[in-house]
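Numbering-wise (full-length UniProt numbering), the sequence shown opens with residue 1 and increments by one.
Glycine is no exception: its CB is placed at the ideal position from the N, C-alpha and C atoms.
Note that this is a predicted model, so its numbers are computed, not measured.
This report concerns only the one structure given below.
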Amino acid sequence: MIPISEVHSRHHQRAHGGSDGGFGHGASGFHSHHAKLSLVQRRWITRGLRAALALLLGFSLYYFLGRGSAESVALRRNRKLLEAEARSFIPAATLKNLVLVAGHAVYTGVDYAEASKESSWFLEEYQKVKGEAQSFLDHIRLGIEEAAVDPEALLLFSGGQTRRAAGPRSEGLSYWVVAEAAEWFGHPEVRNRTFTEEHARDSFENLLFSLCRFYELAGHYPETITVVSYTLKEARFRTLHRDAVRWPLEYFRFVGTPVPPDAIGAKEGEARTVSSFAADPYGCGGELLAKRLHRDPFAVGAIHPSRCPEMRALLAYCGPDMLSGHLPWTS
């Protein structure tokens, strides 16, 4: 029998790393080997985690970039399809000639059957004369009659949202609705050939933007142009504006009505405007530019060149000299 004291002594030696039976030495070797394996494992695990993280990040980047690229391609494709479809929908492809009625006021009345009353229109002070409203009706009627005798004519009422106090209503749409209320002055067949241009802020833009709008509606430019306005403005349209867009004289007509008898100062006002356009054919500065800005209270702006790409240079041009270079209607 082993004495109790010896058992205690051996237990004490083992607990403190003694050499009895080599057990203490073996335990130390085991822990050392385990520590070495753990260090290697930790290194491999670290490397593996780094590689996995890099792979994950790379895959995520590839996925999201690829997805974004695919979405961008899809969006561009959809946009092109929409643009192609819009171009394929041409409401007036068979029409060849432009009849342009230049707007002069915005309708603010409630009853469009009362268009002959000055109180139904928003008028500037110089327009508040007897017969002014009737002159607008005369222009609408003349435009309809011109389009009625030419089944290949497109009638365009031109004029933007030019009066702040009148609200965001355009001159072009005002004329169209008045024509509708007047049952197209006995020519209902013209209705489906009548459209609006709602960006113009002066007479030059009436002509310029109507050419662009015709292209947008017909898919080509007109063969002839007939302008309807006051006879007082014939020289302005026939000479200055037509020259500025370089439209051939032989394919241009003007039909007009006299200004109301009580329109005192109309001749003097026209002389000033003609003088301004003679010095600045495209209305890029001075009084003409100030007038355009004043007549755009709702910031509609000019017509966008994407609607008539071949006119881009003309729409953007400003200068005292005539624009040179090719235009769709020049040989």
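### Exposure of Gly-151, with buried meaning 16 or more beta-carbon neighbours within 10 Å
As a working mapping, residue 151 is identified with position 151 in the sequence shown. A small correction: the amino acid at residue 151 is Pro; Gly does not occupy that position in the sequence shown. So Pro-151 ends up on the exposed side.
### Task
Can you grab the Cα-Cα spacing for the pair Leu-211 / Glu-223, in whole Å?
Here residue 211 refers to the residue found at position 211 when the sequence shown is read from its first residue. Here residue 223 refers to the residue found at position 223 when the sequence shown is read from its first residue. If you take the alpha carbons of Leu-211 and Glu-223, they lie about 11 Å apart.
#### Entry: Three-state class that DSSP yields for Gly-24 in the structure shown
In the sequence shown, the residue the question calls residue 24 occupies position 24. Below a pLDDT of 50, predicted positions are generally treated as unreliable, and Gly-24, at 44, falls in that range; no measurement from the model is reported.
### Task
Give the single residue among Glu-180, Leu-315, Asp-321 and Pro-320 whose Cα lies nearest to the Cα of Pro-328.
The residue you call residue 328 lines up with position 328 of the sequence shown. Nearest of Glu-180, Leu-315, Asp-321 and Pro-320 to Pro-328, Cα basis: Leu-315.
### Query
Considering Ile-225, what are the terminal residues of the beta strand (DSSP E) in which it resides?
Numbered from 1 along the sequence shown, position 225 holds the residue referred to as residue 225. It spans 224-230 - the beta strand (DSSP E) in which Ile-225 sits, taken as one unbroken run.
### Query
Taking the C-alpha atoms as reference points, what is the distance between Thr-273 and Lys-233?
As a working mapping, residue 273 is identified with position 273 in the sequence shown. As a working mapping, residue 233 is identified with position 233 in the sequence shown. Cα-Cα distance, rounded: 10 Å.
### Three-state secondary structure assigned by DSSP to Val-177
Locating residue 177 in the sequence shown gives position 177, where the first residue counts as 1. Under the three-state reduction of DSSP, Val-177 is assigned to helix.
### Query
For Gly-143 versus Val-99, is the C-beta spacing smaller than 7 Å?
As a working mapping, residue 143 is identified with position 143 in the sequence shown. As a working mapping, residue 99 is identified with position 99 in the sequence shown. Going by C-beta atoms, Gly-143 is nearer than 7 Å to Val-99.
### Task
Check Ser-158 in the structure and name its three-state DSSP category.
On the sequence shown, residue 158 is found 158 positions in, with the first residue counted as 1. Strand, per DSSP.
### Message
Closest to Ser-324 by C-alpha separation, out of Arg-246, Val-129, Ala-102 and Gly-172, would be which residue?
### Response
Counted from its first residue, the sequence shown places residue 324 at position 324. Checking every option, the nearest Cα to that of Ser-324 belongs to Arg-246.
### Task
Take the Cβ of residue 336 as the centre, count every other Cβ of all protein chains shown within 10 Å, and call the residue buried at 16 or more, exposed below.
Not covered by the structure: residue 336. The range shown for the chain is 1 to 331.
#### Entry: Whole-Å CB distance - Arg-295 paired with Thr-162, under 8 Å assumed
By 1-based counting over the sequence shown, the position of residue 295 is 295. By 1-based counting over the sequence shown, the position of residue 162 is 162. Their Cβ separation, rounded to whole angstroms, is 4 Å, which keeps Arg-295 and Thr-162 in contact under 8 Å.
### Query
Considering only residues of the same chain and omitting the five flanking positions on each side of Lys-96, which have a CB-CB separation below 7 Å?
Translated into positions along the sequence shown, residue 96 becomes position 96. Glu-152, Pro-222 and Glu-223.
### Query
What are the residues that DSSP puts in a beta bridge with Asn-97?
Within the sequence shown, the letter at position 97 stands for residue 97. Paired residues: Ala-153 and Thr-224.
### Task
Give me the Cβ distance between Val-178 and Ile-140, rounded to the nearest whole Å; I'm assuming they're in contact under 8 Å.
Here residue 178 refers to the residue found at position 178 of the sequence shown. Here residue 140 refers to the residue found at position 140 of the sequence shown. Right, the Cβ-Cβ distance comes to about 6 Å (below 8 Å), so this counts as a contact.
#### Entry: Contacts around Val-110, its chain only, beta-carbon distance under 8 Å, and the 5 residues preceding and following it disregarded
As a working mapping, residue 110 is identified with position 110 in the sequence shown. If we look at Val-110 and ignore the five residues flanking it on each side, it has no Cβ neighbours.
#### Entry: Collapsed DSSP secondary structure at Ala-54 in the structure displayed
Looking up residue 54 in the sequence shown gives position 54. Three-state DSSP puts Ala-54 in a helix.
### Message
What would DSSP say about Asp-321, mapped onto helix, strand or coil?
### Response
Looking up residue 321 in the sequence shown gives position 321. Residue state, collapsed to three classes: coil.
### Message
Does the structure place the segment 278-287 close enough to the segment 254-263 that three or more beta carbon pairs sit under 8 Å?
### Response
no
#### Entry: Ser-119 versus Thr-231: straight-line alpha-carbon distance, rounded
Position 119 of the sequence shown holds residue 119. Position 231 of the sequence shown holds residue 231. Going by the C-alpha atoms only, they are around 24 Å apart.
### Query
Ordered along the chain, which non-local residues of its own chain (more than five positions away) have a Cβ less than 6 Å from that of Ser-174?
Position 174 of the sequence shown, counted from the first residue, corresponds to residue 174. Cβ neighbours of Ser-174 beyond the five flanking positions: Val-106 and Tyr-107.
### Query
CB Ser-276 to CB Leu-288, shorter than 7 Å?
Numbered from 1 along the sequence shown, position 276 holds the residue referred to as residue 276. Numbered from 1 along the sequence shown, position 288 holds the residue referred to as residue 288. Closer than 7 Å, so yes.
### Task
Report yes if the C-beta distance between Ala-200 and Asn-192 is below 7 Å; otherwise report no.
Within the sequence shown, residue 200 is the residue found at index 200, counting from 1. Within the sequence shown, residue 192 is the residue found at index 192, counting from 1. It is not a contact, given that the beta carbons lie outside the stated cut-off.
### Message
Given this structure, state the Cα-to-Cα distance separating Asp-262 from Lys-130, to the nearest angstrom.
### Response
Position 262 of the sequence shown, counted from the start, is the residue given in the question as residue 262. Position 130 of the sequence shown, counted from the start, is the residue given in the question as residue 130. Roughly 7 Å separates the two Cα atoms.
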